[in-house]
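Structure first, commentary second.
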Amino acid sequence: MSNKWTKAFLYSGLIIGTGYGLLKYTTPTPEQVKESLSPELRKKYEKAKRNSQKEAQKVQECIDAAKEK
């Protein structure tokens, strides 16, 4: 009985470890994704990122102003 459980845990660990390794090996980093974009798409991405940061800054300013009241 114990031998079956040992095998089950070892095989399960091997399967999970292999899946995790493949995930880390095959998933690109955000920098790699940005580098693979065409120049036009990269410009759109950067513009959208700047707009998002500006909006987040405005929201934070509103929150800070509400705290002061």
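Every letter in the sequence shown is one number past the one before it in my numbering, and letter 32, counting from 1, is 28. Each residue gets a CB set at the ideal place from its N, CA and C atoms; glycine is no exception.
| field | Distance between Leu6 and Lys87 (C-alpha atoms, nearest Å) | value | Outside the modelled stretch of the chain, which goes from -3 to 65, sits residue 87, for which no answer is possible.
| message | When you compare the CB positions of Lys50 and Arg38, do they come within less than 8 Å of one another, or not? | response | no
| field | Start and end residues, alpha helix (DSSP H) containing Thr2 | value | Ser(-2) to Thr22
| query | From what residue to what residue does the alpha helix (DSSP H) around Ser81 run? | reply | One cannot answer for residue 81 here, as it falls past the ends of the chain, which runs -3 to 65.
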